[in-house]
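Peer 1: Numbering (this note's numbering), first residue to last: 68 to 166.
1) How far does the beta strand (DSSP E) with residue 100 in it extend, from its first residue to its last?
2) So, at 7 Å on beta carbons, what are the nonlocal neighbours of residue 150 in its own chain, with the 5 sequence-adjacent residues on each side left out?
3) How far does the beta strand (DSSP E) with residue 114 in it extend, from its first residue to its last?
4) Along the chain, where does the alpha helix (DSSP H) containing residue 127 start, and where does it finish?
5) Our contact map puts residue 94 next to residue 86 with C-beta atoms below 8 Å; I'd like the distance itself, whole angstroms only.
6) Among residues of its own chain, excluding the 5 on either side of residue 79, which ones have a beta-carbon nearer than 8 Å to its beta-carbon?
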């Protein structure tokens, strides 16, 4: 599997977001991952995965389910250690998709 692939109108782009909650207007992205599959859902290429930095205040505002789930997986620690902003993660994800 290569890191780039030729454009194909039958490819599907899957974007997985982990967020601080369920409300996209107020909650923040803490992880983004991308996979491109063909029409048969066979993986063609995996894109970048970013833990997206968020402030301690943003992370502290998460509900118990999100704190527990993302804490047990280690995501909260990766988010705190990350230097990638939401804007940088978005730009790099878009750049990958334009390849």
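Even glycine gets a Cβ: it sits at the ideal position worked out from N, Cα and C.
Peer 2: Answer, in terms of the structure:
1) On the chain shown, residue 100 is found 33 positions in, with the first residue counted as 1. Residue 100 -> beta strand (DSSP E) spans 96–104.
2) Looking up residue 150 in the chain shown gives position 83. Cβ-Cβ distances below 7 Å link residue 150 to 120 in the same chain, with the five nearest sequence neighbours on each side left out; the list follows chain order.
3) Position 47 of the chain shown, counted from the first residue, corresponds to residue 114. Here the beta strand (DSSP E) through residue 114 covers 110–118.
4) Numbered from its first residue, the chain shown carries residue 127 at position 60. Residue 127 -> alpha helix (DSSP H) spans 123–127.
5) If you number the chain shown from 1, residue 94 lands on position 27. If you number the chain shown from 1, residue 86 lands on position 19. Going by Cβ atoms, the distance from residue 94 to residue 86 rounds to 5 Å, so yes, they are a contact pair.
6) Residue 79 sits at position 12 when you count from the first residue of the chain shown. Excluding positions up to five away in sequence, the list reads 103, 104, 105, 106 and 108.
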